[in-house]
Structure formats: structure tokens, C-alpha cells
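Chains as they are written, first to last, in this note's numbering: chain P, 19 to 130; chain L, 660 to 772. What follows is a short report on a single structure.
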């Protein structure tokens, strides 16, 4: 069975600081991997995706993620966080792009 | 391009009642997936419809059922509502069943009293 672990429930960073959100997955083959962001009362917005190829993927809003097969990880990074990045972030895995298993999320708080 | 729209935005029901939630897929998308997101949790896959046929189901009981219409819009029906059904229900549409990512609506918040 596929699963996703996001070890950090809540992270606080200062505006302008770098960010790394952790994601570990369990899947039997090469997975489809995603990061989504959710603002309060909203649906999920796709930040970036990995299917194959280059293991470092670029997304919207200056985010990037690196797929590391040996560590079963797909961590999300941003070099300089903006106050508007405060939200809930979800990592997801699937055998296709549309039947996904999500982690429990990491809530990001940004201090000014 | 019109995104995924869901209705209603909020809904309050009592235990034992039935509910229907609606989703209009993004223009050009023929696949709709439904997810349940309980408070403080990540979304959980309920089921998916592709070209009006169910195409996979998560670990949800049969009282959760759905439909997809020829215009690819979709309904989620839940019978015999239980308190634990209180959640945000998210609809996502995509093109095909392969590697095209999903686009999510803003969800329907269902509260069971």
C-alpha cells in the first residue's frame, strides 16, 4: 500500500529565511509525486510534480523539490520565504496523477 | 478557462439524512476524483470517474456513491449520514487517467449534527 509521511506538523520560519518541508513516501514502483498548497477555506493548488527524469523539479512561486529514490523522499524547498507563503502544504503520492494518497500536511507559519 | 466549481459551499445535515454534492469539472477535463478531508487531516481518495464510469475506489463504504454525466460534471451522494462524515469534500478534475495533474475545487464543507 502506498503512504506518505510528513514528519513536521507545524513549522515557523522568519520572512526571508529558507524553507525545507519534509516528505517521505512508500510506494512499490516509481511514483508520481506532488506538492500541493492549501490556504484556509480553499482547495488545493498544485505547486509542482515529479513523474520521471530530472530529480530536481521546479514549481510555481519559487518552490522546488528533489526526488531521492534511495531515501524515498521528496522534500520541498524555497530559498526565501514570503509572508504570503503561510499555508498548509501537502505531499502526495500515486501510481497515476489522479488517485493520490496525501500526507497529513505541514502548517507553515511565517513571522515578520 | 473555467476552473473546477463545487456546490454548495457549505451544508448542514443531521445524522441519517442523505446528501448530494456537485462538481463541475474544468473545461476539457474528462476525469473527476472525489476526496474527503477531515479537520486537520490530508485529503483521502473516495473514488474516481472517467467518461461516466467508476475508475477506482478508496476505502469508503457503499453508502458513498457517485455519478458522472456526459458533460463530465459529477455528483457525490452520501446516504445514512454519520457524525464522522463531517468534512471538507474536494472534487478534482483532470484529463485522462494517466499523468495529467488534477485541479481542485474549493470544496464543500459538510457538517453533520
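Glycine included, each C-beta is placed from N, C-alpha and C at the ideal position. Nothing here was measured: the structure is a model prediction, and the numbers come from that model.
Which stretch, first to last residue, makes up the beta strand (DSSP E) that contains residue i?
i: residue 67/P; result: 62 to 68
i: residue 678/L; result: 678 to 683
i: residue 78/P; result: Residue 78/P -> no beta strand (DSSP E), and no H or E assigned at all.
i: residue 730/L; result: Premise fails: residue 730/L is in no beta strand (DSSP E) and is neither H nor E.
i: residue 56/P; result: 50 to 56
Flag this pair as yes or no: are the beta carbons of residue i and residue j separated by less than 8 Å?
i: residue 754/L; j: residue 714/L; result: no
i: residue 127/P; j: residue 104/P; result: yes
i: residue 64/P; j: residue 81/P; result: no
i: residue 110/P; j: residue 22/P; result: yes
i: residue 708/L; j: residue 745/L; result: no
Taking all protein chains shown into account, do 16 or more other C-beta atoms lie within 10 angstroms of the C-beta of residue i, making it buried, or fewer, making it exposed?
i: residue 751/L; result: buried
i: residue 741/L; result: exposed
i: residue 771/L; result: buried
i: residue 106/P; result: buried
i: residue 765/L; result: buried
Between the segment 67 to 79 of chain P and the segment 666 to 675 of chain L, are three or more C-beta pairs nearer than 8 Å? no
Flag this pair as touching only if the segment 675 to 685 of chain L and the segment 35 to 51 of chain P have three or more C-beta atom pairs under 8 Å; answer yes or no. no
Three CB pairs or more closer than 8 Å across the segment 56 to 65 of chain P and the segment 38 to 47 of chain P: no
Could you say if the segment 111 to 129 of chain P and the segment 686 to 704 of chain L meet the contact criterion of at least three C-beta pairs nearer than 8 Å? yes
Does the segment 24 to 33 of chain P touch the segment 726 to 736 of chain L, meaning 3 or more C-beta pairs lie closer than 8 Å? no
Contact set between the segment 47 to 62 of chain P and chain L, restricted to residues whose Cβ is under 8 Å from the partner: 50, 52, 54, 59, 60, 61, 62
Closer than 9 Å between beta carbons: that is the criterion. Which residues of the segment 111 to 122 of chain P meet it against chain L? 112, 114, 115, 116, 117, 118, 119, 120, 121, 122
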